[in-house]
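In the working numbering, the protein residues as written are 15 to 599.
Beta carbons: idealized from backbone N, C-alpha and C, even for Gly.
None of the values given here were measured: they were computed from a predicted structure.
Worksheet for the structure shown next.
Right under this line is the structure:
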């Protein structure tokens, strides 16, 4: 009876989703020739230099998204040659760039009722940017460090990624080979269980309970005296240096106010949560019930969230999972094109933010796996590829029905399932990332987060794992908790679980919404925290095994995303900047 009820629920969910998305299928979008065709709010100004009858220099400056004001494209044409340059605005909330006929050889930078000039080319279109564009560094400071010229470079990737990508691109059935290796040699290879799971005197007060921070996980009363220890945890705690943490409680990091760590096991989630929505989430297996979960919470009243794309991933071409029937003829990717030009993705933090960054973590799936092969989402919007926006630039359209995290131009962080109506807000979004369907979504009737309708559906949820539909794997996800007037972004590192177990843990922490990030390897679930003092900087890792990803030589460690360009996209957190008004902090 339960199985029949579950199948009926899935069928109804699929029918509702298909109806809600069918309108998009009937309104086929015009093919975009380049990434610039997606930027419907861009503003262009032009200058023509040289008298009539002479070879003229034509200059065009494009503010890709004036609301975000972070990315500009400069085009210089002289004779039969044309060069394009991608410029990053270091201070988008204060300064804007313009072309001025009274200053025909460069850009005017307006800020605080003042205009400064930055000479960049001559009357023959010969620009100093040509020299900088040949650099091996992704950022070239220009105009007195007020702008960066973005330079396309190769990003670092792990040996495992290099081998896997080679197999997928060059070997027949290479994807099947990588899947076989994962299922045979790495099955539960990242599983962690607590070194100790012992009881303590229940009358002993928990240090974290009396302190401000996220709400603890909801567990059964019989579990309140349980403490856990993660032997691979490498993050420095302010208290509990022995690493023995009461289950589900939060402990602040040393020298990082508003950043907390918690340990949990899916099998410890409160019974009332575990018994709810079983027709959707099902039951957990014995292995994942004991799999250690390490969570990191960030107080969003203290920290700003940002996102940067990798030098290569996510790419803009077709996912292997998109069915041929949804690929329009002549389209090189789901938006029509496959290259970012003239936009450049740096794969690392800008230099002016390097000393400020608090934490980074890997943000999502490669394009290779980022579309649906089965279910309603596979039939609409060219396979419903996961979309993303960086610095106000739409790289790939955000598709309805997908779990989405957005950061708007004011720094507000939100998570939701995207709808067509949400497209009206695109111009005000600075960063966005989609990853599959929701793990937890808000239920208005119960006024709480509930498991996403597809958490137990391997095909329609696009959960990956293995071709045998075994969904237990190393996984990472994020959720949003709101409590006592504060909002916390929670990153969950699940050492060997199914999406259903992720949902139960996120529910226990009172999350309103949760979504998947990536899976299967430490490089895909990487999280680091940075500590600085007068003598330098120290990198701490959620799992000490992640340190190997920063190794750049024998005994030399350069943190990915911060010290060196990386081929993968990532999120980063910065202390909130002071409010600036009329040039005064």
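| field | Extent of the continuous alpha helix (DSSP H) run through residue 396 | value | 395 to 398
| Classification of residue 62 by the beta-carbon crowding that lies within 10 angstroms, buried from 16 upward | exposed
| Buried versus exposed call for residue 208 [16 or more other C-beta atoms within 10 Å across all chains shown] | buried
| field | residue 449 classed as buried or exposed, judged by whether at least 16 other C-beta atoms fall within 10 angstroms | value | buried
| query | Taking Cβ to Cβ, would you say residue 386 is nearer than 7 Å to residue 447? | reply | no
| According to the neighbour-count rule (16 or more other Cβ atoms, all chains shown, within 10 Å of its Cβ), is residue 83 buried or exposed? | buried
| CA-CA distance, residue 423 and residue 300? | 45 Å
| request: Report the residue from 137, 474, 108 and 382 whose alpha carbon sits nearest the alpha carbon of residue 128. | output: 108
| said: Could you compute how far the alpha carbon of residue 505 sits from the alpha carbon of residue 206? | reply: 17 Å
| task | Rounded to whole angstroms, what's the CA-CA distance from residue 409 to residue 52? Just pull it up for me. | result | 8 Å
| query | Which class does residue 474 belong to by DSSP, given the choice of helix, strand or coil? | reply | coil
| Is the beta carbon of residue 147 sitting closer than 7 Å to the one on residue 232? | no
| task | Report yes or no: do the stretch 349 to 363 and the stretch 424 to 442 share at least 3 C-beta pairs separated by less than 8 Å? | result | no
| message | Is it buried or exposed, residue 419, if we count other Cβ atoms within 10 angstroms and call 16 or more buried? | response | buried
| request: Drop a sphere of 10 angstroms on the beta-carbon of residue 15, count the other beta-carbons inside from all chains shown, and report buried for 16 or more, exposed for fewer. | output: Annotation note: pLDDT 38 at residue 15 (below 50); position unreliable, no value reported.
| request: Indicate the three-state DSSP secondary structure (helix, strand or coil) for residue 281 in the structure shown. | output: helix
| task | Please look up how many angstroms separate the CB atoms of residue 578 and residue 170, rounded, as I've assumed it's under 8 Å. | result | 5 Å
| What is the rounded straight-line gap between the Cα of residue 159 and the Cα of residue 501? | 34 Å
| Whether residue 269 touches residue 323 by CB criterion (7 Å) | no
| message | Need the endpoints of the alpha helix (DSSP H) that residue 1 sits in, please. | response | Lying before the first or after the last residue shown, residue 1 is absent from the chain, which here runs from 15 to 599.
| query | Which value, in whole angstroms, describes the spacing of the CA atoms of residue 597 and residue 126? | reply | With a pLDDT of 42 at residue 597, under the threshold of 50, the predicted position of this residue should be treated as unreliable, though the coordinate-derived value follows. Using only the alpha carbons, I get a separation of about 6 Å.
| task | Report the option in 442, 113 and 337 whose CA atom is closest to the CA atom of residue 393. | result | 337
| request: Would you identify the three-state DSSP class for residue 434, choosing helix, strand or coil? | output: helix
| Can you pull the DSSP bridge partners for residue 312? | 273 and 503
| task | Report the rounded CA-to-CA distance for residue 234 versus residue 522, giving the unit in angstroms. | result | 11 Å
| Are the Cβ atoms of residue 247 and residue 259 separated by less than 7 Å? | no
| Ends of the alpha helix (DSSP H) at residue 522? | 513 to 522
| request: Spatial neighbours of residue 458 within its chain, please: CB distance less than 6 Å, with the 5 preceding and 5 following residues excluded, ordered by chain position. | output: none
| Exposed or buried, what is residue 226 when buried is set at 16 or more other beta-carbons lying within 10 Å of its beta-carbon? | exposed
| Run of the beta strand (DSSP E) containing residue 413, from where it starts to where it stops | Where residue 413 is concerned, there is no enclosing beta strand (DSSP E), given that its DSSP letter is neither H nor E.
| Where does residue 170 sit, in a helix, a strand or coil, going by DSSP? | strand
| Contact set for residue 113: own chain, Cβ-Cβ below 6 Å, skip 5 residues either direction | 59, 61 and 75
| query | residue 249 to residue 552, Cα distance in whole Å? | reply | 11 Å
| said: Whether or not the stretch 272 to 284 and the stretch 308 to 320 are in contact is what I'm after, with contact meaning three or more pairs of Cβ atoms, one per stretch, closer than 8 Å; do they touch? | reply: yes
| field | Reduced DSSP secondary structure (H/G/I, E/B, other) of residue 564 | value | helix
| query | Which residue comes first and which comes last in the alpha helix (DSSP H) that contains residue 74? | reply | That residue, residue 74, is in no alpha helix (DSSP H); its beta strand (DSSP E) goes 71 to 77.
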